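Peer 1: There's a structure below that I have some questions on.
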Amino acid sequence: MQGLTFELEGIYFLCFRKPTTTSLILSYPLPPFTTIRGLIANCLGMPRFPDYKQQLILQNIRIGIQPINPREIHRNKTTEMCKLLKLIEREAAARAKVWSFPSAPMFREFLVTPRYRVFLIGEDGLLKEIYEKLQNPERPLYLGQSDDMVDILNLELMEIEEIVSKEIHSIVKGIYEGCEVVKLPYKFSEDGKSLEEITISIPQEFPLELEEEVKCYKFEEENATTY
């Protein structure tokens with residue numbers, strides 16, 4: 093059984109917008125599963141709105157995520173004010189149309205140079221294709237917003253093993269003591285109109301020691317849960 097692991101490093105800032113925020117745009121502390129699938133679709137050259145077969149390919153990929161510097165990411169969170177220009181058409185007596193550009197303040201939370209390790213499990217042929225395309229993507233890779241570029245580091249295709257363990261090196265589904273608990277977007281419905289979320293726990297340091305064993309996958313020296 094094969095698995096693929098790689099690191100994502102934000103070059104400057106990243107923002108994974110929470111959809112319920114408006115004038116104050118807050119960020120998830122790590123990329124949602126939907127964002128990782130979007131990155132994979134982008135490197136493979138899939139269209140922005142994949143057809144059903146392409147969506148099925150993406151949905152069948154199991155994903156695990158590990159923030160490499162969780163304490164540093166939390167400490168370096170910064171809220172920047174940006175201005176959103178609103179185009180308003182006005183009628184004027186002297187001219188047919190007058191265009192003005194009043195601005196409205198908007199606050200956006202940024203993660204400063206965050207870094208994450210991603211664990212992928214899927215069909216061997218697909219993982220090999222993703223492995224090759226991450227080294228030579230069909231389009232420039234970004235994470236979150238289209239101008240938030242990322243570097244791909246330490247890309248490795250390896251043999252993995254399904255095990256049970258109390259020692260976990262990734263985020264974990266459910267609520268665990270000493271972790272940041274977040275509802276993270278998981279996947280879209282077939283029609284793209286609804287979003288499924290799962291509740292995950294983000295440890296402040298790794299490995300996370302659980303009271304009971306859980307099913308996970310052994311990526312060399314690290315055990316990752318995937319969803």
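First residue of the sequence shown: 93, per this note's numbering; consecutive thereafter. Built from N, CA and C at the ideal position, the CB exists for glycine as well. From a predicted model like this one, the values you see are computed outputs, not experimental measurements.
Give the single residue among L136, V273, Q151 whose Cα lies nearest to the Cα of E230.
Peer 2: That would be L136, whose Cα lies nearest to the Cα of E230.
Peer 1: Taking all protein chains shown into account, decide if V242 is buried (16 or more other Cβ within 10 angstroms of its Cβ) or exposed.
Peer 2: It is buried - the Cβ of V242 has at least 16 other Cβ atoms within 10 Å.
Peer 1: What did DSSP end up calling E221 once you bin it into helix, strand or coil?
Peer 2: If DSSP states are grouped into helix, strand and coil, E221 belongs with the helices.
Peer 1: May I ask you to report which of helix, strand or coil DSSP gives G130?
Peer 2: In this structure, G130 counts as helix in the three-state DSSP scheme.
Peer 1: Using a Cβ-Cβ cut-off of 7 Å (strictly less than) and excluding sequence neighbours within five positions of E314, which residues of its own chain qualify?
Peer 2: Once the five neighbours on either side are set aside, the close Cβ partners of E314 are H261.
Peer 1: So, using beta-carbon positions, are L249 and L100 closer together than 7 Å?
Peer 2: Not closer than 7 Å, so no.
Peer 1: Can you tell me where the alpha helix (DSSP H) holding L150 begins and where it ends?
Peer 2: Taken as a continuous stretch (DSSP letters only), the alpha helix (DSSP H) holding L150 covers 144–151.
Peer 1: Name the residue from K220, P124, F202, F141 whose alpha carbon lies nearest to the alpha carbon of D239.
Peer 2: Comparing Cα-Cα distances from D239 to each of K220, P124, F202, F141, the minimum goes to F202.
Peer 1: Going by alpha carbons, who is nearest to L276 out of M93, S115, T127, G217?
Peer 2: For L276, the nearest C-alpha among the options comes from T127.
Peer 1: As a quick exercise: from E251, K310, I263, pick the residue whose alpha carbon is nearest that of M93.
Peer 2: Ranking E251, K310, I263 by Cα distance to M93 puts E251 first.
Peer 1: May I ask which residues mark the beginning and end of the beta strand (DSSP E) holding S257?
Peer 2: Where S257 is concerned, the enclosing beta strand (DSSP E) stretches over 253–260.
Peer 1: Span of the beta strand (DSSP E) holding K279?
Peer 2: 271–280 is the span of the beta strand (DSSP E), which, as asked, contains K279.
Peer 1: Less than 6 Å between C-beta atoms, sequence neighbours within five positions excluded: which residues of the same chain meet that for V264?
Peer 2: Hits under 6 Å: S293, T317.
Peer 1: If you draw a straight line from the C-alpha of E301 to the C-alpha of G270, how long is it?
Peer 2: When rounded, the distance between both Cα atoms is 11 Å.
Peer 1: Going by DSSP, what residue range makes up the beta strand (DSSP E) through S293?
Peer 2: Looking at the DSSP string, the run of the beta strand (DSSP E) that includes S293 is 287–295.
Peer 1: Can you give the Cα-Cα distance for C107 and G236, rounded to whole angstroms?
Peer 2: So the alpha carbons of these two residues sit roughly 6 Å apart.
Peer 1: Relative to the C-alpha of Q146, which candidate in K258, A133, S119, R154 has its C-alpha closest?
Peer 2: For the residues K258, A133, S119, R154, the minimum Cα distance to Q146 belongs to A133.
Peer 1: Name the two residues that bound the continuous beta strand (DSSP E) containing K110.
Peer 2: Element bounds for K110: n/a, residue is neither H nor E.
Peer 1: Looking only at DSSP bridge pairs, what is E304 linked to?
Peer 2: None; E304 has no bridge partner.
Peer 1: Does the region 215–224 come within contact of the region 112–129, defined as at least 3 CB pairs closer than 8 Å?
Peer 2: Counting Cβ pairs under 8 Å, fewer than three are found: no touch.
Peer 1: On the DSSP bridge list, what partners appear for I244?
Peer 2: Answer is L100.
Peer 1: Output needed for E289: all residues of its chain with C-beta closer than 7 Å, excluding positions within five of it in sequence on either side, in chain order.
Peer 2: Closer than 7 Å at Cβ, skipping near neighbours: K275, L276, P277, Y278.
Peer 1: Just how far apart, CA to CA, sit E253 and E259?
Peer 2: Their Cα atoms are separated by approximately 15 Å.
Peer 1: Which residue's Cα is closest to the Cα of V256: T291, P299, Y309?
Peer 2: V256 has its Cα closest to that of Y309, out of T291, P299, Y309.
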